[in-house]
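Peer 1:
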Amino acid sequence: MAHKYSTLFKWINVIIDYAILNLALYACFALADRNLMWREVYDYRLTIILLNFCWFYSSSVLNVYKQILKRGAGPLMSANIASLCLFILMAAIIKLVVPDLYIPPTPFIYYFSLFPALILIWRFTFLLLRKQIRKYWPGFNNIVIVGAGPAGIDLYNYMVANPQLDYNVLGVFDDNRLNVPPHINYLGKVTECITYACVNGVCEIYCALKHHEYDRIEWLMHEADKYMVRFRLVPDIKGAMHHNFLVELFGSVPVLKTRQEPLENKANEVTKRAFDVVFSSLVLVFILSWLIPILAVLIKVDSNGPVFFKQLRSGKNNKSFYCLKFRSMTVNTDSDTKQASKDDCRVTRIGRFIRKTSIDELPQFINVLMGDMSVVGPRPHMLKHTNDYSQLIDNYMVRHFLTPGITGWAQVNGFRGETRETIAMLNRVKADLWYLENWSILLDLKIVCQTVLVLVANKENAY
3 MAHKYSTLFK WINVIIDYAI LNLALYACFA LADRNLMWRE VYDYRLTIIL LNFCWFYSSS
63 VLNVYKQILK RGAGPLMSAN IASLCLFILM AAIIKLVVPD LYIPPTPFIY YFSLFPALIL
123 IWRFTFLLLR KQIRKYWPGF NNIVIVGAGP AGIDLYNYMV ANPQLDYNVL GVFDDNRLNV
183 PPHINYLGKV TECITYACVN GVCEIYCALK HHEYDRIEWL MHEADKYMVR FRLVPDIKGA
243 MHHNFLVELF GSVPVLKTRQ EPLENKANEV TKRAFDVVFS SLVLVFILSW LIPILAVLIK
303 VDSNGPVFFK QLRSGKNNKS FYCLKFRSMT VNTDSDTKQA SKDDCRVTRI GRFIRKTSID
363 ELPQFINVLM GDMSVVGPRP HMLKHTNDYS QLIDNYMVRH FLTPGITGWA QVNGFRGETR
423 ETIAMLNRVK ADLWYLENWS ILLDLKIVCQ TVLVLVANKE NAY
């Protein structure tokens, strides 16, 4: 029944969200000025309109209200957090673009703390209510699947594993009973499907027959229409090409994509860039502002050469850039071709310390601020390694769809440091591709926190 109530619950969330947005604003001004004198001195109507527009835009581009009953809790909360980040960023940008817009600091400090908190509390409450309400819905949408090929079995497993979709899969029809796994209810041959659907109140038939069985597909479609049972066709692309695909519609034309890339969405890209700018600015102001002079003296005293080490590395879209580090080695001619190894004679005394603690990587926050790198992403490799490993590892170059990072999913999962064997690089690439397909702002925050723990607890591959 989820699809019948989807629009209702969508608008319930919309109304409550905008009520929270505007009432929180009023409450924050009331808290800042108990006499409410601000209403007599300033016209806040433009501020209120712009904040409502900011939330409308951020919630729309990040699809906060899309499939609010069917989406999992994780993706739904991630969309809300990303939308709140974009909302705050837009409000800050508007203040810079419209300097005459009066925004009193105290109420808005309250507001940008209170509004996100209330939205997340409400959404979490809604998810709990959704879970309880589902128990009292009149019933499930009874469906059957025709065809026990890879697509049919995968569809069955997905629907069973995602009860929020509100589908009750009665079983699978196939002419060969041996094709149906033991844990799936076998309902009979394909020709028995329509009769079974009429007797058992089946709402929808999902046809996953092979594409060459078009005669039987046409027959099923015709019979389903005759008895008012909705018909859904499931193309068996996976069985034909041994690869997972995602479908994207251009008008009425379906286009298959080999992977989902959340950062293709411009709103996600803006959110990630905003996080990078804010985070790197904080590091530069509060850490590098005093650390650079101290390390500059120590590095200069320890050995001859520059304070910073610059090296060409592969960036986004395989465009090279100069990656910055504190120099930790003596000046040598092998730096662009040879990785650092354990007990490397090129490492200086101060270099051993800053490499062990990963302090040598901190200047890369300058790269982040310049846009060449991100706080989180695949580690940028030397140009020689990019050329070598692109010939040895399938999908190696796909990692360059992303902006390289100071830390990444591979690094917090133990795939950091020297890569002596191809399998070590293969594991790193697999982790980078997983990050490409599963990015969220929450994942970036998780990786940053895990990086701190890894640096404190495990320095095995840092040398």
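Its first residue numbered 3, the sequence shown is counted upward by one per residue in this note's numbering.
Ideal Cβ positions, reconstructed from N, Cα and C, are used throughout, including at glycine.
Measuring alpha carbon to alpha carbon, tell me which residue in Phe55, Ile17, Arg275, Met375 is nearest Ser442.
Peer 2: Arg275
Peer 1: Can you have a look at Gly154 and say buried or exposed, based on whether 16 or more other CB atoms are within 10 angstroms of its CB?
Peer 2: buried
Peer 1: Per DSSP, which residues does Arg73 bridge with? Please list them.
Peer 2: None, per the DSSP bridge assignment.
Peer 1: In the DSSP assignment, what residue or residues form a beta bridge with Asn384?
Peer 2: The question names Asn, but residue 384 in the sequence shown is Met. Beta-bridge pairing links Met384 to Arg315.
Peer 1: Let me know the secondary structure DSSP gives Thr359 once reduced to three states.
Peer 2: Coil, per DSSP.
Peer 1: At the level of alpha carbons, what is the spacing between Leu326 and Leu248?
Peer 2: Cα to Cα, Leu326 sits roughly 38 Å from Leu248.
Peer 1: Taking the Cβ atom as the reference point for each residue, do Gly407 and Ser360 lie within a distance shorter than 8 Å?
Peer 2: With contacts defined as CB atoms closer than 8 Å, Gly407 and Ser360 fail to qualify as a contacting pair.
Peer 1: Under the DSSP definition of a beta bridge, which residues are partnered with Lys327?
Peer 2: Phe311
Peer 1: So what does DSSP say about Val414, is it helix, strand or coil?
Peer 2: helix
Peer 1: Does DSSP put Ser85 in a helix, a strand or coil?
Peer 2: helix
Peer 1: Go to Pro256, then tell me how far its beta strand (DSSP E) extends in each direction, as first and last residue.
Peer 2: 255–259
Peer 1: Are the stretch 52–65 and the stretch 93–100 touching by the rule of at least three beta carbon pairs closer than 8 Å?
Peer 2: yes
Peer 1: What is the DSSP secondary structure of Glu215, reduced to helix, strand or coil?
Peer 2: coil
Peer 1: Cα separation between Gly141 and Leu189?
Peer 2: Because the pLDDT of Gly141 is 49, which lies under 50, any placement of that residue in the model is unreliable, and the question is left without a value.
Peer 1: Are Ser195 and Ile207 close, meaning C-beta to C-beta below 8 Å?
Peer 2: First, the residue type needs correcting, since residue 195 is Cys and not Ser in the sequence shown. Their beta carbons are under 8 Å apart, which means Cys195 touches Ile207 by this criterion.
Peer 1: For the stretch 278–293 against the stretch 307–327, are there 3 or more C-beta pairs whose distance is under 8 Å?
Peer 2: no
Peer 1: Suppose the cutoff is 8 Å on Cβ atoms and the five residues either side in sequence are ignored; what does the same chain contact list for Leu116 look like?
Peer 2: Ala26, Ala29, Cys30
Peer 1: On a CA-only basis, which of Arg354, Val333, Ala412, Met427 is nearest Asp390? Give me that one, please.
Peer 2: With distances taken between Cα atoms, Asp390 lies closest to Met427.
Peer 1: Per DSSP, what are the beta-bridge partners of Gly149 in this structure?
Peer 2: Answer by DSSP bridge pairing: none, since Gly149 is not bridged.
Peer 1: In or out: Glu220 buried (at least 16 other Cβ within 10 Å) or exposed?
Peer 2: By the neighbour-count definition (other C-beta atoms within 10 Å, threshold 16), Glu220 is an exposed residue.
Peer 1: The beta strand (DSSP E) spanning Thr273 covers which residue range?
Peer 2: No beta strand (DSSP E) contains Thr273, which is instead part of the alpha helix (DSSP H) from 268–285.
Peer 1: From Pro118, Thr49, Leu122, pick the residue whose C-alpha is nearest to that of Ala75; which is it?
Peer 2: Checking every option, the nearest Cα to that of Ala75 belongs to Leu122.
Peer 1: Quick check: Leu394 and Ile289, are their CB atoms within less than 8 Å of each other?
Peer 2: no
Peer 1: Bridge partners for Thr409 per DSSP, in chain order?
Peer 2: Val378
Peer 1: What residues are listed by DSSP as bridge partners for Asn170?
Peer 2: Asn144
Peer 1: Quick one: give me the first and last residue of the alpha helix (DSSP H) that Phe2 is part of.
Peer 2: Examination of residue 2 is not possible in this model, given that the chain is present from 3 through 465 alone.
Peer 1: On the DSSP bridge list, what partners appear for Ser392?
Peer 2: Answer is none; Ser392 lacks a bridge partner.
Peer 1: Can you check whether the CB of Arg132 is closer than 8 Å to the CB of Asn82?
Peer 2: no
Peer 1: For Gly190, which residues does DSSP report across the bridge?
Peer 2: For Gly190, which the question treats as bridged, DSSP gives the partners Phe175.
Peer 1: Less than 6 Å between C-beta atoms, sequence neighbours within five positions excluded: which residues of the same chain meet that for Ile356?
Peer 2: Phe328, Ser330, Asp362
Peer 1: By the three-class DSSP mapping on this structure, what secondary structure does Cys200 have?
Peer 2: helix
Peer 1: By how many angstroms is the C-alpha of Arg232 removed from the C-alpha of Leu265?
Peer 2: 35 Å
Peer 1: Please name the residue or residues paired with Val66 in a DSSP beta bridge.
Peer 2: The partner list for Val66 (beta bridge, DSSP) is empty, contrary to what the question assumes.
Peer 1: Between the Cα of Arg218 and the Cα atoms of Asp156, Tyr229, Val236, Val192, which residue gives the shortest distance?
Peer 2: The option with the nearest alpha carbon to Arg218 is Val192.
Peer 1: Does DSSP put Cys209 in a helix, a strand or coil?
Peer 2: When secondary structure is reduced to three states using DSSP, Cys209 falls in the strand class.
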